[in-house]
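Going down the list, the protein sequences come from chains A and B.
Just so you know, we're using UniProt numbering here: the first sequence kicks off at 1 and counts up by one.
Just so you know, we're using UniProt numbering here: the second sequence kicks off at 1 and counts up by one.
As structure tokens, the structure follows; a few thoughts come after it.
Number of protein chains: 2
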Amino acid sequence: MKVHVGPVAQPELEAAVVAAGAELGSAADATALIWFGGEPERFAELDHPALEWVQLPSAGIEHWAAAGALREGVTFTSAAGAFAQTVAEHALGLMLAGARQMHLMARASKWSRPEGMRGVAGATVGIIGAGGIGGSLIELLRPFGVRVLAVNRSGKPVDGASATWRSDDVEGVRELLAESDFVVVAAPATAATARLIDAAALDRMKPGAWLVNVARGPLVDTEALVAALDAGRIGGAALDVTDPEPLPDGHPLFQHPRAIISPHTANPKSLMIPALARRVEENVRRRLAGEPLLGVVDRSAGY
Amino acid sequence: MKVHVGPVAQPELEAAVVAAGAELGSAADATALIWFGGEPERFAELDHPALEWVQLPSAGIEHWAAAGALREGVTFTSAAGAFAQTVAEHALGLMLAGARQMHLMARASKWSRPEGMRGVAGATVGIIGAGGIGGSLIELLRPFGVRVLAVNRSGKPVDGASATWRSDDVEGVRELLAESDFVVVAAPATAATARLIDAAALDRMKPGAWLVNVARGPLVDTEALVAALDAGRIGGAALDVTDPEPLPDGHPLFQHPRAIISPHTANPKSLMIPALARRVEENVRRRLAGEPLLGVVDRSAGY
Numbered sequence: 001m002k003v004h005v006g007p008v009a010q011p012e013l014e015a016a017v018v019a020a021g022a023e024l025g026s027a028a029d030a031t032a033l034i035w036f037g038g039e040p041e042r043f044a045e046l047d048h049p050a051l052e053w054v055q056l057p058s059a060g061i062e063h064w065a066a067a068g069a070l071r072e073g074v075t076f077t078s079a080a081g082a083f084a085q086t087v088a089e090h091a092l093g094l095m096l097a098g099a100r101q102m103h104l105m106a107r108a109s110k111w112s113r114p115e116g117m118r119g120v121a122g123a124t125v126g127i128i129g130a131g132g133i134g135g136s137l138i139e140l141l142r143p144f145g146v147r148v149l150a151v152n153r154s155g156k157p158v159d160g161a162s163a164t165w166r167s168d169d170v171e172g173v174r175e176l177l178a179e180s181d182f183v184v185v186a187a188p189a190t191a192a193t194a195r196l197i198d199a200a201a202l203d204r205m206k207p208g209a210w211l212v213n214v215a216r217g218p219l220v221d222t223e224a225l226v227a228a229l230d231a232g233r234i235g236g237a238a239l240d241v242t243d244p245e246p247l248p249d250g251h252p253l254f255q256h257p258r259a260i261i262s263p264h265t266a267n268p269k270s271l272m273i274p275a276l277a278r279r280v281e282e283n284v285r286r287r288l289a290g291e292p293l294l295g296v297v298d299r300s301a302g303y
Numbered sequence: 001m002k003v004h005v006g007p008v009a010q011p012e013l014e015a016a017v018v019a020a021g022a023e024l025g026s027a028a029d030a031t032a033l034i035w036f037g038g039e040p041e042r043f044a045e046l047d048h049p050a051l052e053w054v055q056l057p058s059a060g061i062e063h064w065a066a067a068g069a070l071r072e073g074v075t076f077t078s079a080a081g082a083f084a085q086t087v088a089e090h091a092l093g094l095m096l097a098g099a100r101q102m103h104l105m106a107r108a109s110k111w112s113r114p115e116g117m118r119g120v121a122g123a124t125v126g127i128i129g130a131g132g133i134g135g136s137l138i139e140l141l142r143p144f145g146v147r148v149l150a151v152n153r154s155g156k157p158v159d160g161a162s163a164t165w166r167s168d169d170v171e172g173v174r175e176l177l178a179e180s181d182f183v184v185v186a187a188p189a190t191a192a193t194a195r196l197i198d199a200a201a202l203d204r205m206k207p208g209a210w211l212v213n214v215a216r217g218p219l220v221d222t223e224a225l226v227a228a229l230d231a232g233r234i235g236g237a238a239l240d241v242t243d244p245e246p247l248p249d250g251h252p253l254f255q256h257p258r259a260i261i262s263p264h265t266a267n268p269k270s271l272m273i274p275a276l277a278r279r280v281e282e283n284v285r286r287r288l289a290g291e292p293l294l295g296v297v298d299r300s301a302g303y
């Protein structure tokens, strides 16, 4: 099997391909393509009839679907799960930063104690879209003695959660929103999850609770969120992803006393490449051994 | 046993006294005093010959020692350990905020990704003064798969640390400084720990490493720290305590691109009172049962 890394060459990913026992080849020769450094629109440049498998570099695939680049006859694998721990760590950082009002401290030029300090220990944490990232977050939260409420697509009980509801269980989602001190959004961006956190959802949240979004911007209705924050309806929002993204310069969410904007850095490049290289090595090894690949894209589900 | 809460009355602490089975009394009647809401200099106002035991509200006792208020013939107990988990949670929050550059994000008015993002997972964490807070921090860090290096007074191996050195083991402390991605200071403020982190210590730290101080300000040489941060010698510093404290308005550490100043809020009042009430209840119960009290002050050790 010949594997090409492109459209932009990436030495760590190429090393992973070789470490897994495959040979590097040109785009035209290769039956496997490790996509790196280009927009999905450029897929046609590297596509050819003998191409069998494409490893995508991100966990989300909505840009690929939107670009019509998920060609039939080719197996696509996303990097879903590969960055779960890195993103979960960031999510916990955002929870703690919000709980301890670190954004206000960071902005201060004098010694003044913010109001509204809370703890994560003993809190109730609701995870909407409890997949790989949610599972990693539950692991990180274990020593905090929190109560975890979860929502996922299947409703299959999530390990470490005291309750799990199906994402289409309206009452269950409402209970999660009403009970949680922290609502963490980690669901994939699909038609079903668009504006999942709208004005009504925000209104159901506990006063003082924090919303954390480490999934995709469109899952939260930005306008409704700004209104809820302005009104002090919830404690705050820590967003690694926004809608629109990037957020325009000077947007009210920047510098908002109840908001922390992290510019899509839950999975920063410095931590992403090593994690992606591990996933590439594992999937190339699996491909050579004829084992099932990790992260095979389900076009109908949208992830 | 009659117990007085003062000089300022505090209903939650009074409830804890009663819950433990003791009776509330006036300052003049009581043989036990739960100190709350006053400077140590005011101790003489509530002191009297029949007073046997004073429960102090803080983990550190240096202000009591400095005020000469630790009268012989009275047993003093500090609240050491009572706030360990709360402070450890804050320390982890500061580590994550620093690692993920959340202070820069909090200050931004536009979408721009900071450089120097790092992870806590897999890092080496050095804890100087690994007592109650250090132990709680090690618990919180367990799922991160970090390597912990510890320094304590006895050199007795710290649970969860891969190495423990005595605080007077100069080579050991140097090794901790040189190896750690995060150096967390959690030692009591004594004559021996003053300016423990001076220019030489900062110089031994790994480039890019973060210093976190959740102990007392005088353990870190502020001037040397500012110089190290200005020079980019270390990744950054997250300080819950400073020297001087409060830090004067507009001090260069506020808004420093490599610093996060948290104004002595690792143990905020909202979380402190419930934790202190639990400790008061436990110690009053122990006193009534003739069991050893928690946190008995050792005047010669200074904590």
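For glycine and all other residues, C-beta sits at the position ideal for the given N, C-alpha and C.
All values reported here derive from a predicted model rather than from experimental measurement.
Let me see if you follow: with CB-CB separation under 9 Å, is residue i close to chain B or not?
| i | result |
| --- | --- |
| Asp249/A | yes |
| Pro207/A | no |
| Pro40/A | no |
| Pro218/A | no |
Determine, using beta carbons only, whether residue i comes closer than 9 Å to chain A.
| i | result |
| --- | --- |
| Arg278/B | no |
| Glu139/B | yes |
| Phe182/B | no |
| Gly135/B | no |
| Ala59/B | no |
| Phe144/B | yes |
| Met1/B | no |
Within 10 Å of its beta-carbon, does residue i have 16 or more other beta-carbons around it, so buried, or fewer, so exposed?
| i | result |
| --- | --- |
| Asp243/A | buried |
| Asp29/B | exposed |
| Val8/B | exposed |
| Ser26/A | exposed |
| Pro218/A | buried |
| Asp221/B | buried |
| Ser262/B | buried |
| His251/A | buried |
| Gly134/A | buried |
| Arg71/B | exposed |
| Val54/B | buried |
| Glu41/B | exposed |
| Ala99/B | buried |
| His48/B | exposed |
| Gly73/B | exposed |
| Pro11/A | exposed |
| Val184/A | buried |
Would a C-beta distance cut-off of 9 Å place residue i and residue j closer than the cut-off?
| i | j | result |
| --- | --- | --- |
| Leu92/B | Leu137/B | yes |
| Pro188/A | Gly302/A | yes |
| Ala231/B | Asp198/B | no |
| Phe36/B | Ala67/B | no |
| residue 308/B | Lys110/A | Missing from the structure shown is residue 308/B; chain B here goes from 1 to 303 and no further. |
| Leu229/B | Gly236/B | yes |
| Ala50/A | His4/A | no |
| Asn283/A | Val241/A | no |
| Ala88/A | Glu23/A | no |
| Arg299/A | Leu293/A | no |
| Met95/A | Ala289/A | no |
| Thr193/A | Ala227/A | no |
| Pro157/A | Arg113/B | no |
| Met117/A | Ser270/B | yes |
Interface residues of chain E around residue i at Cβ under 7 Å?
| i | result |
| --- | --- |
| Pro246/A | Any reference to chain E falls outside this structure, whose protein chains are A and B. |
**Asked** Would the region 46-65 of chain B and the region 73-80 of chain B be scored as touching if the rule is three or more Cβ pairs under 8 Å?
**Response** yes
**Message:** Closer than 7 Å between beta carbons: that is the criterion. Which residues of the region 84-115 of chain A meet it against chain B?
**Reply:** Gln85, Thr86, Glu89, His90, Leu92, Gly93, Leu96, Ala97, Arg100, Met102, His103, Met105, Ala106, Arg107, Ala108, Ser109, Lys110, Trp111, Ser112, Arg113
**Prompt:** Between the region 157-165 of chain A and the region 204-224 of chain A, do three or more beta carbon pairs fall short of 8 Å?
**Reply:** no
**Message:** Measuring CB atoms only, is the region 114-127 of chain A touching the region 173-180 of chain A, in the sense that at least three cross pairs come out at less than 8 Å?
**Reply:** yes
**Request:** Using a Cβ-Cβ cut-off of less than 7 Å, give me the residues of the region 255-284 of chain A that come near chain B, in sequence order.
**Result:** Gln255, Ile260, Ile261, Ser262, Pro263, Thr265, Pro268, Ser270, Leu271
**Prompt:** Using a beta-carbon distance cut-off of less than 9 Å, what residues from the region 119-130 of chain B approach chain A?
**Reply:** Gly119, Val120, Ala121
**Message:** For the structure I just gave you, are there three or more beta carbon pairs, one from the region 96-108 of chain A and one from the region 103-120 of chain B, closer than 8 Å?
**Reply:** yes
**Item:** Given 8 Å, three or more beta-carbon pairs between the region 275-293 of chain A and the region 132-147 of chain B
**Value:** no
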